[in-house]
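Position 110, counted from 1, in the sequence shown is what this note's numbering calls 141; the numbers after and before it change by one each time, with no gaps.
Structure first, then comments.
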Amino acid sequence: MDVIQAQKLNLLIKLQKEYNTFIFIAHGLPAEKYISDRIAVMYLGKIVEITTKAQLFNRPMHPYTVSLVSAVPLPDPYIRDRERVILEGDIPSNVDIPAGCRFRTRCPYAEKKCELVEPELMELEAEHFAACHFPLNTDASTVLSGEEGMGNHEGIFANETN
Ligand code: SF4
């Protein structure tokens with residue numbers, strides 16, 4: 032984050048205090064981390080996860096959110112062991128959105144069900160909604176999706192404390 036960005040964020044924080052509420056739209060999570068109370072993550076025009084800032088950064092459930100969180104720089108130089116999740120492939124055209132889950136063409140956990148059924152945004156724990164058949168970092172995964180496809184996907188960020 033450069034000086035100009037920091038100044039803009041400080042200005043937004045001042046406005047936030049003055050007006051109590053506002054919606055901030057960004058193309059990445061670093062700025063959101065500073066000024067948001069609740070965060071909605073969108074992919075190809077749809078919300079795929081929405082929750083509090085703490086839940087989003089500590090226990091992201093949607094694979095797209097996991098990749099975004101893994102890309103946020105950590106201020107502590109001694110924390111080097113966080114897994115960076117790099118997505119393969121290009122974002123599909125928004126006039127030719129994939130059937131089923133719109134994230135499936137880039138999702139490392141995609142299964143047959145993801146191609147056939149579009150996942151709904153569901154509350155998986157208090158105040159934490161995600162649209163994924165095989166959500167990560169949640170005990171609700173097995174309840175929602177059965178045994179199929181879970182493998183060892185759970186817990187990618189279970190130990191993160193940033
Ligand atoms: S529904 Fe399937 S393809 Fe979509 S994010 Fe979840 S695991 Fe990935």
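Note that the Cβ used here is the ideal one computed from N, Cα and C, for glycine as well.
Q. Residue range of the beta strand (DSSP E) that phenylalanine 160 falls in?
A. As a first step, residue 160 is located in the sequence shown; it is residue number 129 there, counting from the start. Start and end: 159-161.
Q: Please classify methionine 92: is it buried, with 16 or more other beta-carbons within 10 angstroms of its beta-carbon, or exposed?
A: Within the sequence shown, the letter at position 61 stands for residue 92. Counting the other Cβ atoms within 10 Å of the Cβ of methionine 92 gives 16 or more, which makes it buried.
Q: Select from Ile117, Val116 and Arg133 the residue whose C-alpha is nearest the C-alpha of serine 124.
A: What you label residue 124 is simply residue 93 of the sequence shown in a count that begins at 1. When only C-alpha atoms are compared, the closest one is Arg133.
Q: Evaluate contact between the stretch 65-77 and the stretch 113-120, counting only Cβ atoms and requiring at least three cross-stretch pairs below 8 Å.
A: no
Q | Bridge-paired residues (DSSP) for arginine 90 | A | Here residue 90 corresponds to residue number 59 of the sequence shown, with the count starting at 1. Partner(s): none; arginine 90 has no beta bridge.
Q) Taking C-alpha atoms, which residue in Ile56, Val34, Phe55 and Ile78 lies nearest to methionine 153? A) Translated into the one-based positions of the sequence shown, residue 153 becomes position 122. Methionine 153 has its Cα closest to that of Ile78, out of Ile56, Val34, Phe55 and Ile78.
Q: For the beta strand (DSSP E) holding isoleucine 78, just list the boundary residues, first then last.
A: Numbered from its first residue, the sequence shown carries residue 78 at position 47. Counting along the chain, the beta strand (DSSP E) containing isoleucine 78 begins and ends at 77-83.
Q: With distances taken Cα to Cα, identify the nearest neighbour of leucine 155 among Lys64, Leu46, Thr82 and Pro94.
A: Position 124 of the sequence shown holds residue 155. Nearest option by C-alpha distance: Thr82.
**Q.** Whole-number beta carbon distance between proline 104 and tyrosine 140, since they are thought to touch under 8 Å
**A.** Along the sequence shown, read from residue 1 onward, the residue named residue 140 stands at position 109. Along the sequence shown, read from residue 1 onward, the residue named residue 104 stands at position 73. Contact doesn't hold; Cβ gap of about 25 Å is too wide.
Q) Ends of the beta strand (DSSP E) at tyrosine 154? A) The count along the sequence shown starts at 1 and reaches residue 154 at position 123. One point to set straight first is that residue 154 is glutamate, not tyrosine, in the sequence displayed. That run of the beta strand (DSSP E) goes 153-156.
Q: Label proline 166 either buried or exposed according to how many other C-beta atoms from any shown protein chain fall within 10 Å of its C-beta, with 16 as the threshold for buried.
A: Translated into the one-based positions of the sequence shown, residue 166 becomes position 135. Buried, by the Cβ-count rule.
Q. Threonine 136 to isoleucine 128, Cα distance in whole Å?
A. Position 105 of the sequence shown, counting from 1, holds the residue named residue 136. Position 97 of the sequence shown, counting from 1, holds the residue named residue 128. Distance between the alpha carbons of threonine 136 and isoleucine 128: 10 Å.
Q) Which whole-angstrom value describes the C-beta separation of glutamine 47 and histidine 159, a residue pair presumed to lie in contact below a C-beta threshold of 8 Å? A) By one-based count along the sequence shown, residue 47 stands at place 16. By one-based count along the sequence shown, residue 159 stands at place 128. So it is not a contact: roughly 23 Å between Cβ atoms.
Q) Excluding the five sequence neighbours on either side, which residues of its own chain have a C-beta within less than 6 Å of the C-beta of alanine 161, listed in chain order? A) The residue labelled residue 161 in the question sits at position 130 within the sequence shown. These residues qualify, in order along the chain: Glu80, Met92, His93 and Leu155.
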